[in-house]
Each structure stands twice: as C-alpha cells, then as structure tokens.
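Chemist: Residue numbers (the numbering used here), protein chains in the order written: chain A, 235 to 440; chain B, 235 to 440; chain C, 3 to 334; chain D, 3 to 334.
Just so it is clear, CB atoms sit at the ideal spot from N, CA and C, and this is done for glycine as well.
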Amino acid sequence: MSVTRDDIAAAMVRAAAALRAAKDDLTALDQAAGDGDLGITAGKLADALDAYAGSEADDLGKFLAQAGMALNKAASSTMGTLAATALMRAGQTVKGQSTMTAEQVAEAFRAAAQGVMDRGKAKLGDKTVLDALFPAADALAEAVGAGAPLGAAGQKMLDAARQGRDAVTPLQNKIGRAGWVGERTKGAVDPGCAMVIAAMEGVTGQ
Amino acid sequence: MSVTRDDIAAAMVRAAAALRAAKDDLTALDQAAGDGDLGITAGKLADALDAYAGSEADDLGKFLAQAGMALNKAASSTMGTLAATALMRAGQTVKGQSTMTAEQVAEAFRAAAQGVMDRGKAKLGDKTVLDALFPAADALAEAVGAGAPLGAAGQKMLDAARQGRDAVTPLQNKIGRAGWVGERTKGAVDPGCAMVIAAMEGVTGQ
Amino acid sequence: MKRFLNAPEAYVPEMLDGLVKAHPEALKFGEDVFSIVRADAPVEGKVALATGGGSGHLPVFLGYVGKGMLDGCAVGDVFNSPSAEQMADVTRRISGGKGVVYIYGNYGGDVMNFDMASEMVDMEDIPVKTVLVKDDVASAPKDEADRRRGVAGMVFAFKVAGAKADEGGSIDDVAAAAEKALAHTGTMGVALSACIIPQVGKPGFSIGEGEMEIGMGIHGEPGMKREALAKADEVAARLAETILADLAPGAGAEFAVMVNGLGATPPEDLYVLYRAVHDLLAQKGYGVHRAYVGEYATSMEMAGASLTLMMLDDELKRLLDAPAQTPFFQQS
Amino acid sequence: MKRFLNAPEAYVPEMLDGLVKAHPEALKFGEDVFSIVRADAPVEGKVALATGGGSGHLPVFLGYVGKGMLDGCAVGDVFNSPSAEQMADVTRRISGGKGVVYIYGNYGGDVMNFDMASEMVDMEDIPVKTVLVKDDVASAPKDEADRRRGVAGMVFAFKVAGAKADEGGSIDDVAAAAEKALAHTGTMGVALSACIIPQVGKPGFSIGEGEMEIGMGIHGEPGMKREALAKADEVAARLAETILADLAPGAGAEFAVMVNGLGATPPEDLYVLYRAVHDLLAQKGYGVHRAYVGEYATSMEMAGASLTLMMLDDELKRLLDAPAQTPFFQQS
Ligand SMILES: Nc1ncnc2c1ncn2[C@@H]1O[C@H](COP(=O)(O)OP(=O)(O)O)[C@@H](O)[C@H]1O
Ligand SMILES: Nc1ncnc2c1ncn2[C@@H]1O[C@H](COP(=O)(O)OP(=O)(O)O)[C@@H](O)[C@H]1O
Ligand SMILES: [Mg+2]
Ligand SMILES: [Mg+2]
Ligand SMILES: [Mg+2]
Ligand SMILES: [Mg+2]
Numbered sequence: 235m236s237v238t239r240d241d242i243a244a245a246m247v248r249a250a251a252a253l254r255a256a257k258d259d260l261t262a263l264d265q266a267a268g269d270g271d272l273g274i275t276a277g278k279l280a281d282a283l284d285a286y287a288g289s290e291a292d293d294l295g296k297f298l299a300q301a302g303m304a305l306n307k308a309a310s311s312t313m314g315t316l317a318a319t320a321l322m323r324a325g326q327t328v329k330g331q332s333t334m335t336a337e338q339v340a341e342a343f344r345a346a347a348q349g350v351m352d353r354g355k356a357k358l359g360d361k362t363v364l365d366a367l368f369p370a371a372d373a374l375a376e377a378v379g380a381g382a383p384l385g386a387a388g389q390k391m392l393d394a395a396r397q398g399r400d401a402v403t404p405l406q407n408k409i410g411r412a413g414w415v416g417e418r419t420k421g422a423v424d425p426g427c428a429m430v431i432a433a434m435e436g437v438t439g440q
Numbered sequence: 235m236s237v238t239r240d241d242i243a244a245a246m247v248r249a250a251a252a253l254r255a256a257k258d259d260l261t262a263l264d265q266a267a268g269d270g271d272l273g274i275t276a277g278k279l280a281d282a283l284d285a286y287a288g289s290e291a292d293d294l295g296k297f298l299a300q301a302g303m304a305l306n307k308a309a310s311s312t313m314g315t316l317a318a319t320a321l322m323r324a325g326q327t328v329k330g331q332s333t334m335t336a337e338q339v340a341e342a343f344r345a346a347a348q349g350v351m352d353r354g355k356a357k358l359g360d361k362t363v364l365d366a367l368f369p370a371a372d373a374l375a376e377a378v379g380a381g382a383p384l385g386a387a388g389q390k391m392l393d394a395a396r397q398g399r400d401a402v403t404p405l406q407n408k409i410g411r412a413g414w415v416g417e418r419t420k421g422a423v424d425p426g427c428a429m430v431i432a433a434m435e436g437v438t439g440q
Numbered sequence: 003m004k005r006f007l008n009a010p011e012a013y014v015p016e017m018l019d020g021l022v023k024a025h026p027e028a029l030k031f032g033e034d035v036f037s038i039v040r041a042d043a044p045v046e047g048k049v050a051l052a053t054g055g056g057s058g059h060l061p062v063f064l065g066y067v068g069k070g071m072l073d074g075c076a077v078g079d080v081f082n083s084p085s086a087e088q089m090a091d092v093t094r095r096i097s098g099g100k101g102v103v104y105i106y107g108n109y110g111g112d113v114m115n116f117d118m119a120s121e122m123v124d125m126e127d128i129p130v131k132t133v134l135v136k137d138d139v140a141s142a143p144k145d146e147a148d149r150r151r152g153v154a155g156m157v158f159a160f161k162v163a164g165a166k167a168d169e170g171g172s173i174d175d176v177a178a179a180a181e182k183a184l185a186h187t188g189t190m191g192v193a194l195s196a197c198i199i200p201q202v203g204k205p206g207f208s209i210g211e212g213e214m215e216i217g218m219g220i221h222g223e224p225g226m227k228r229e230a231l232a233k234a235d236e237v238a239a240r241l242a243e244t245i246l247a248d249l250a251p252g253a254g255a256e257f258a259v260m261v262n263g264l265g266a267t268p269p270e271d272l273y274v275l276y277r278a279v280h281d282l283l284a285q286k287g288y289g290v291h292r293a294y295v296g297e298y299a300t301s302m303e304m305a306g307a308s309l310t311l312m313m314l315d316d317e318l319k320r321l322l323d324a325p326a327q328t329p330f331f332q333q334s
Numbered sequence: 003m004k005r006f007l008n009a010p011e012a013y014v015p016e017m018l019d020g021l022v023k024a025h026p027e028a029l030k031f032g033e034d035v036f037s038i039v040r041a042d043a044p045v046e047g048k049v050a051l052a053t054g055g056g057s058g059h060l061p062v063f064l065g066y067v068g069k070g071m072l073d074g075c076a077v078g079d080v081f082n083s084p085s086a087e088q089m090a091d092v093t094r095r096i097s098g099g100k101g102v103v104y105i106y107g108n109y110g111g112d113v114m115n116f117d118m119a120s121e122m123v124d125m126e127d128i129p130v131k132t133v134l135v136k137d138d139v140a141s142a143p144k145d146e147a148d149r150r151r152g153v154a155g156m157v158f159a160f161k162v163a164g165a166k167a168d169e170g171g172s173i174d175d176v177a178a179a180a181e182k183a184l185a186h187t188g189t190m191g192v193a194l195s196a197c198i199i200p201q202v203g204k205p206g207f208s209i210g211e212g213e214m215e216i217g218m219g220i221h222g223e224p225g226m227k228r229e230a231l232a233k234a235d236e237v238a239a240r241l242a243e244t245i246l247a248d249l250a251p252g253a254g255a256e257f258a259v260m261v262n263g264l265g266a267t268p269p270e271d272l273y274v275l276y277r278a279v280h281d282l283l284a285q286k287g288y289g290v291h292r293a294y295v296g297e298y299a300t301s302m303e304m305a306g307a308s309l310t311l312m313m314l315d316d317e318l319k320r321l322l323d324a325p326a327q328t329p330f331f332q333q334s
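As structure tokens, then:
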C-alpha cells in the first residue's frame, strides 16, 4: 500500500477541517498559557492547507516542502513556523518520489519531529509540541515496522501523542510564552500539543 | 448697624463651610450639565476663603478686592473667576472705608452682580448664575431701602435667588459648557445658581 | 480608576514638575509651576505666543511650547482655566518687545481669565492680541460659529502662528496668520468612553459597550448623537464629510490632515482611520500635503479620536512646513 | 471592544496602508504590505538594520524605520511573528553592501523566523548578524537572562546601533554597539488592564479594578505579582529599584530614562511617574542624561507603563544624542 500526492492532499484537507473546528479551544488554552493567538494560527493554517491542497508539484518532496513554505507565509507565529518546518523537513525525505511507503511515512514523520526540535531548540520535557510529536513518531515507526497497516499504525501514533500530552500536563512549561507563565501552567494542557493532536485526529479520522 | 471687616471675615468662613458641604451636589449637577468640576471649584473657593479670612487689609475695599484675587488664584474655572470678579467689584464700592452700612452692602452686592455680567458677557435668561444674582440684588436693595435690618433683608435676598434659580430651571442653558449640552439641560438646576445659593445660605445662616 | 496617581490634589503640580525635569533644555518655570515658558524666554525681537488652559489634554497646551511654536503657557488644574495672574506672569516672562499673541480655546473660564490678564499687562505696556480657537464643527452650527469649542485644530494655529513669528512678523501678522489658519480649519471628534478627573475619582458620564458619541468635546462635552459604534471607515467618512461640508473647499484643494487620538485609542486604530480619510479625500480629487497621526490633544484615558482638516494655500503650507522643536512636536 | 476597526482580518494591512500613506516621504512597501523599508532604501555603503515582530505595539517596530535608526521592518499580524520570507524580503531590499544587523525581541516565533530568513539570505551572500533584545528584567532572573523578553529597551538599541551605522561602523561594530546598549539596559513594566486582539475580540485576561500586575509583558505575559494598585511614587520606585539592582550601576552613573505608556495611560500620568524616577535617581547620586516620556512600545489599549534605564558611557551618550528622523521618533 503506497501513499500518493492525492492521499497527502486529502489528509491536508482533513487536517484543515479539524484545525478549524478546534480554533476556539486552542484560543482558550493559549489565553491561559500564552498570548491567545493559537486559534487564529490554527484558522490560518487551515485556510492555507485548503488553498494549497489543490497545487501541483513535480514530486512528493516538493509537494510537501512547498506546502511548508505556504504555511510559513500564512501563519508565522511559533506553531505556524514549526508546522511549516515540519512539512519542509518531511519533504526532504521523499525528494524526487511520486509515492511513499508506510515506512517512508514513518521516517518522514520522524524527520518532521526532529526538524521542529532543531528549529525551536526545545528539549523533551520542556512541555511543548515535542512531547506529543516524539512519542507519536516512535509509535508510528514501531507499528509500521511490525507490519501494521497505516490506518492501525495511525491509531497507535495518536494514542501515543495523547499520552505524551497527558504526561506533560502536570509539568510546568519551560520555554516560549508559556515558559513565562511559570507555576500557573502546571495542570494546563499545552496548547501546541492540543493543536498537533487535533491535526492528527483530522488526518487519521479518529 | 454697620458691617466691619470682622463681620465680612466671619461671613466668608460661613460661606466656606456651606460651599464645602455642597461639593458633592455641585459635582453631580455639573456632571449633568458641564464637565463635573464645580464641586472641586467649590472646595477650592472654600479653602481660599478660610485661608484669606484672617488676612489684614487697610480698608474694606482692599480686604474684598484682595480676597477676589486670592480666589482667582485658587480656583479659576468659570465660577471661580466669576466669584473673584464679584469680590473685586464689591471692593471697589467701599474703597477707603473701614465699615459699611446696610445700603452700602446692597450697593456692593449689585456691583458684584454687574461685574459678573460684564466679565461673563451673559444675558439674563441665559440660565447662568446671573439669574440668581440679579433678583437677589434687587430684593436686597428693596428690603434695605424699606428699612429692614440686614438679617431680614438677607432672607428676602435668598428667597429671590431661589426663585430666580427655579424660574430658569425649565429653560435650556445658553452659554458656557452647559450651552453645548442643549436640550438635555431643560429641567436641570443650573450648577452655578446652586453654588451661589449655597454660599448665600452660608452667609445668611438660613 | 486605572491610573498612576499620588494625591489627586498633587496631580497637576507633580505632572508639571516631571515635565520640566524631563525637558530642562526646553522648558522652565515662571512664578510657580503653573506658569511655564521656553528655557530661552524671552526671545528678544520676536512676537511671543502664549496659550493656556486646563490640564488633562497633553500635548495640549504645554507640549507645544518651544522653538517654532509657543513661548509660554499658563496651566490650570484638570479641565480648569489657569488664573489671570498666571497668564499675566507668563505674558511678562515671554514678552520680547514686539507684543504677545494669545491663542487658546473658546471656553468661558479661559476667556474671562485671559481677558483679565490682558487688562493687567496692558497697564504695563505689553500689547496683546487674542485669537480664539473655535474649530469644533460639531459644537454649534456654522451660523453660530462663535459658540464653537476649541479642540485639536489649535495645534495648526500654534504651528502656523509660531512660524510667522519666527519669520519676523508683527503682532498683527502673527495674529492674522493664526486667524487665517483657523478660518480654514475644522475638527470633529468621536468618543468611545469617558475619562476621570483625578480629584473627582469617577467618570462624569458613560458610553455603553458598542456605542459611540459623535461630536463629543475633549472634556466630555456632549456631541451631536449617541449611536451604535460603526466601522472605522464609516466613522472616518462621517467626520470627514461633516468637516468638508463646513469648509466647502474648492476643486483640487490641498489639506493638512490630523487624526488625533483622545487617549486610550491605539495608534494602529488611528492609522486605520487615517487610511479611510486619505482615500476619501483622494476620491474627491483633494490632496494631502501633510499628515499628522497620533496624540495631539487628548482627554486622559478617554477612548476616541478626532479628525482635523486644514485647507492650505502657499502661505499656510510654508508656515506649516517650517521647523519646530518642542517636547511633543518636532519637525525639521 | 472600544476600538475603531473594519474587518478584524484587515486590521493590520489597513493600518500599514494608512501608515505608508501618511508618511510617503519616509516609508515604502517591499514585496507586500508586511515588508516596509525606508523610502530611500537601500542606503549604499551603510550597514543596514532590520527588525520585525508582531503588530499591536506601535511605534514598535515599524515606527523606528527612518534616518538614524532602522532601514526596514517585517511586520506580522497582531502579536504574531512575520514570516521568514517577509524578513528575507526586507533584508534584500535594505542591504547596502555592508551587511545587515537584525535587532528584535526574544520571542520564539520571531527567533525561528529570523533564523530561517538569515539562512535564506546567507545563500545570496548577504551577511547577517543577529542581536536579540532581552531587556525585561521581570521576565526571568539575572542568571537566566537568556530567557528574558524584549520590550521597550529595544528602542535604545535601535537608536544606538542606527547611529553607529551612520558613523560608518562595520557590521561587527553595529552589532557590538547594539549589544553594548542592551548590556546596560533594563526594563520593567506594570499593567493595569488588558488589551484585545481584534481577531479574538475579547481580552485574554483581566486585571481587577484597584489591581495592578507588576512585571507584565507587552503581550500580556504574566508578571511577577498581581497586587493592589499602589501610588505612582511607589510604583515608580518598585520599577526603578528592581532595574537598578539588576544593572548594578557605579557611583554617579548617568542614565537615559524612558517612561513608556502601554496605551491607555495618559501622558500626564507618565510624567508623574517620571518625576518620581528622576527624584529617586537624583537621591542616589545618579544623573539623567536624556529622558524619553511617552508611548514608545505599546500594547494597543492596555493601561500601564514601563520604565527603561540605560547606563551611559561617553560612546553611548554620543550615539544616543545623534539625530534621527522616523515617523515616530525625531531628534535633532
Ligand atoms: N521552542 C519551542 N519548540 C517547540 N515548541 C514550542 C516552542 N515554543 C513554543 N512551542 C509550542 O508552541 C505553542 C504555542 O504556540 P503559539 O501560540 O503559536 O506561540 P506564540 O503565540 O508564542 O508565538 C506552545 O504551546 C508549545 O507547544
Ligand atoms: N458667561 C457666563 N456668565 C455667567 N455665568 C456663567 C457663564 N458661563 C457659565 N456660567 C455659570 O458657570 C456655571 C458653571 O461653572 P463651572 O463649572 O466653573 O464652569 P466650567 O467648568 O465650564 O469652567 C454655570 O452653571 C453657569 O451658572
Ligand atoms: Mg500564542
Ligand atoms: Mg464645570
Ligand atoms: Mg471646568
Ligand atoms: Mg503569538
């Protein structure tokens, strides 16, 4: 079973719908732990994904990388920039290809997570999006490696992301705007985690 | 029965107490028909009168005129300036004297009213302090002319001032800040009338 | 009250003390803190300009004392006229031998006190001419223009008259320049919230969430109409159209435009308003010679804005463009 | 929301359009309205300075583009970083052959995007140096100074670095001047009310009547403490003492002082605060070389203020005193 440009485009549209639906929740979370703009960012990312999904590109690498550049232009707050970085890094792993295997999807996902880490210079446990992304990347790779079909592997990925989110919820944010809120972030869901999980729910349809 | 510097000083102190007591009412009236500072002005005039009352002066003329200058310095909003003008003009009528008769009190009062009219260039019926001052000046002169003692004449003066105030209450303010409020001032007591009546009540003890 | 204050009675003197401490190269006190003049006053051989009025409107009035604009200012308590004595003191300290022009807003207390002051200094042979600012087109109809209030348009009068004095104009020239500027100037404001006089401690009126008052004065004097808060473009058009109807400019007229914030309105919002005014003037074939966007005549923490338009000819352009250096207004 | 707006999505582009229409002699657009550079850019043979950041803080950032300060600015949506692409566009348009220095506030989104932009233009052989502004002493303890936010102190960095570039300094000199200014600068703010992002439409937090938040950031980032609103003199002393403890000045130190209004706070109140700061510095034997009182870095309609102190040596004095002409900052 291989993933095509059209599969990715359809996933973008599903992610967009999920992000749009989560706008108000994300605003509320970011008002508590940041500056309250994450709902706006999610809305802009959704619009940009919808607008981009119909674009043509020579190969999957360019298709993903150019999506990243479109996202950066549309939404350049922290999460917008990290989302853009993730797509650009994912694109680098499938340069010149017109389809990708499940293993390659898992690799691309890991590269995306690593890209977010490189760009944002946060560490695991700082209570950021990384704490959802890395467990999710691990779970996806493991399930795919064990021969699970993408649908089932996606469920594992999502579960791991939610667990990652929940694991850091009791902690204090250490970086970004939420880092300045300090103590008061203990017990609050990290807004960035909430956003990537919403996007993953859209992609996996779960 | 003649009026001395000490009588005038005592009247100033009584007026001051009455003005101070009226502060909040005057603020409320001026908030409705102007800029809300008349209570502050009344308080400043009261403080200035109290502070001045102990001053020495060569004669009654100077005693009154210098009081006017002190008031102008302390409170130079419209009503403060008019009060100052009134005292300066009153002083001019008793230059060089060390006492004044009841007739001279009435004359000084009329000169004060005329001074306020000259300085402010308002007309009777514009709904200003003039509409309390002129009837009061007339009543005082008439009563004194008919031989009434100052106490009884003062009562007539006060009644006339109140009637003057009530007569213009239904009208619209035509001048000053209240002039800009227009229609909405119909039925509202003119703040300036309220202030001079408070002062007269203090002076007459009624 | 969401404000930084010590004792409310000390508000104005402390503010003035801070202002002169912050700008010692520009300003100095006269007889007391309520009388403030240029640090280099009197400027000999130049007509001097004085203004005055209540506090609570910075940069009006004091903020325009400096090179190219005013020579001195008498300062009153919040929304209160200064005393005649203070005005006379300022007049004496700035008089440079060519006379003094008073330019101030048309408010009863100020008029009475400036009149008294000019009577005082007249006895000391300082000639004085008075120019009353009455630019608020919302405050009375055109045929009762003498009843109008003076608001942000006074800044253009200060600028133009100050430049005329710097050019060596006589007392009559300077007063005439101010009159000319004002004859071509109209202002209109819109308020979204009230302000608080520190000594009173509570607002004198309120404007509901989602409401605006079109035509309100800078002390909260009532305007033409209380209505639903409209979009920025509509508000800008309302202000501009009303002023233009009053000024009745000829085809191709050129303007100085001032979009003034009353206090709490963000500079960003003022530029949104300016854009609408600019486009509207352009559509009508008018030009913008100079734009001023910011806080020029305020009402403490009041939210709102005013628009001022001054129709220019070559002389007004030259005088407006001349340099000026004051604590709140720099142009080179 | 007591604001003048059209469609909330159009807020920033309309504001920018208005700004460039009001100041055509000073500013021009780059690739789109979010990229704005000096009208005479690129200035050949001079190190160029760029900044960028979210909207909602005027005059920060854009208002300091002009002679003697910055060459260009990438503008984001309200409280949002501009994109790397916009920053790269600004960089290309201002590059005058001697390299470009980025000076901007230490916020995650901005850092990531400026890093991406410098990677992009590096491939085009435009050398870039980055100076991060981290002047908010309330945002992290001194031993974690790298976590501090950038607030009003950036204006001093713009001024000093801009003057160094005008003097003919190299890219290293200009970056070093900015770093030096910032090493001697501390800022601390206090907020009395919240502000509203137009697209959100409601405040993200609230501060009760009679309360203040000491140390709050210019996007409403939480401060050190929520407490009862104190008198102006006490507030000023709290800010000044905290900054002084951080800067640890030597005896007789001389300062540039900035008392900055966050938006809704009247200029009068800022001078009341300035007075207290001035007197406190004088009591400690320190001098004030220059005072800046007004709105320099705002948060739309937020009520509040910040204090910035920069300790000066002869070089910093010279660079600070140099002339500058921008739409929001003039000094001659
Ligand atoms: N350095 C970082 N690396 C990775 N993720 C980060 C970093 N800083 C912040 N985040 C994530 O970004 C989220 C906030 O996103 P956003 O609202 O766009 O930020 P901002 O408004 O501060 O630009 C946080 O909840 C966190 O998950
Ligand atoms: N031209 C005038 N002549 C006489 N009285 C006047 C005049 N203008 C206003 N007043 C009186 O002054 C009162 C308001 O006083 P005050 O609050 O001191 O005015 P302001 O605040 O406008 O300076 C009015 O109620 C009216 O009685
Ligand atoms: Mg955010
Ligand atoms: Mg009044
Ligand atoms: Mg008044
Ligand atoms: Mg943000």
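Compare the beta carbon distance of C/HIS291 and C/LYS319 with 9 Å and say whether it is the shorter of the two.
Modeler: For C/HIS291 and C/LYS319, yes; Cβs fall inside 9 Å.
Chemist: Against D/ARG149, what residues of chain A qualify as contacts under a CB-to-CB distance less than 7 Å, listed in chain order?
Modeler: Correct list: GLY413.
Chemist: Quick check: what's the CA-CA separation for A/ARG399 versus A/ASP365?
Modeler: Taking the straight line from one Cα to the other gives about 6 Å.
Chemist: Assuming C/GLY289 and C/GLU317 make a contact with CB atoms under 8 Å, what is their CB distance in whole Å?
Modeler: Between C/GLU317 and C/GLY289 the Cβ distance is about 17 Å, and since that is not below 8 Å, they are no contact.
Chemist: Shorter than 9 Å from the beta carbon of B/LEU316 to some beta carbon of chain C?
Modeler: Yes, B/LEU316 counts as interfacial toward chain C.
Chemist: Using DSSP with H/G/I as helix, E/B as strand and the rest coil, what is D/GLY191?
Modeler: Three-state result, D/GLY191: strand.
Chemist: Do B/ALA256 and ligand 2 come close, with the Cβ less than 8 Å from some heavy atom?
Modeler: Every heavy atom of ligand 2 is 8 Å or more from the Cβ of B/ALA256, so no.
Chemist: Given 8 Å as the limit, is there contact between the stretch 402-419 of chain A and the stretch 264-274 of chain A, that is, 3 or more CB pairs closer than that?
Modeler: Segments in contact, yes.
Chemist: Less than 9 Å between the C-beta atoms of D/ALA76 and D/ALA119, yes or no?
Modeler: Yes, the Cβ-Cβ distance between D/ALA76 and D/ALA119 is below 9 Å.
Chemist: By alpha-carbon positions, which one of C/LYS136, C/VAL153 and C/LEU194 ends up nearest to C/GLU146?
Modeler: When each option's Cα is compared against that of C/GLU146, the closest is C/LYS136.
Chemist: Indicate whether at least one CB of chain C lies closer than 9 Å to the CB of B/THR327.
Modeler: Output row for B/THR327: interface = no.
Chemist: Closer than 9 Å, CB to CB, is B/ILE409 near chain C or not?
Modeler: By this cut-off, B/ILE409 is an interface position.
Chemist: Give the straight-line distance between the Cα atoms of D/PRO224 and D/MET218, rounded to the nearest whole angstrom.
Modeler: D/PRO224 and D/MET218: Cα-Cα distance of roughly 5 Å.
Chemist: Alpha carbons only, please: which of C/ILE199, C/LEU283 and C/GLY78 is nearest the one belonging to C/TYR106?
Modeler: Checked all of C/ILE199, C/LEU283 and C/GLY78; the closest Cα to C/TYR106 is C/GLY78.
Chemist: Return the CA-CA distance between D/PRO325 and D/ILE173, expressed in angstroms with no decimal places.
Modeler: The alpha-carbon atoms of D/PRO325 and D/ILE173 are separated by roughly 20 Å.
Chemist: Quick one, which of C/ARG228, C/LEU272, C/GLY254 and C/PRO205 has its alpha-carbon nearest D/LEU7's?
Modeler: The option with the nearest alpha carbon to D/LEU7 is C/LEU272.
Chemist: Spatial neighbours of D/PRO15 within its chain, please: CB distance less than 7 Å, with the 5 preceding and 5 following residues excluded, ordered by chain position.
Modeler: Contacts found: VAL35.
Chemist: Hey, is B/ASP264 close to ligand 4, as in C-beta under 8 Å from one of its heavy atoms?
Modeler: For ligand 4, at least one heavy atom lies less than 8 Å from the Cβ of B/ASP264.
Chemist: Mind pulling the chain D residues with CB within less than 9 Å of C/VAL176?
Modeler: Going along chain D, no residue has its Cβ under 9 Å from C/VAL176, so there is no contact; the nearest lies around 24 Å.
Chemist: Please list the partners that D/ASN115 has in chain A, where partner means a Cβ-to-Cβ separation under 7 Å.
Modeler: Chain A residues near D/ASN115: SER310 and THR315.
Chemist: Would you kindly work out how many angstroms separate the C-alpha atoms of B/ARG418 and C/VAL153, rounded to a whole number?
Modeler: About 22 Å.
Chemist: If you measure from the beta carbon of B/ASP271 to each beta carbon in chain C, is any gap under 9 Å?
Modeler: Yes, contact with chain C.
Chemist: C/ASN8 CB to nearest chain B CB: under 9 Å?
Modeler: Answer no: the Cβ-Cβ gap between C/ASN8 and chain B never drops below 9 Å.
Chemist: Consult DSSP for C/TYR109 and reduce its assignment to one of helix, strand or coil.
Modeler: Coil.
Chemist: In the DSSP assignment, what residue or residues form a beta bridge with D/VAL75?
Modeler: Before going on, a small fix: residue 75 of chain D reads as Cys here, not Val. Partner(s): D/ILE38 and D/THR53.
Chemist: As an exercise, report each continuous alpha helix (DSSP H) stretch of at least 4 residues that is fully enclosed by the stretch 295-371 of chain A, in chain order.
Modeler: List check, alpha helix (DSSP H) in window: 312-326 and 336-354.
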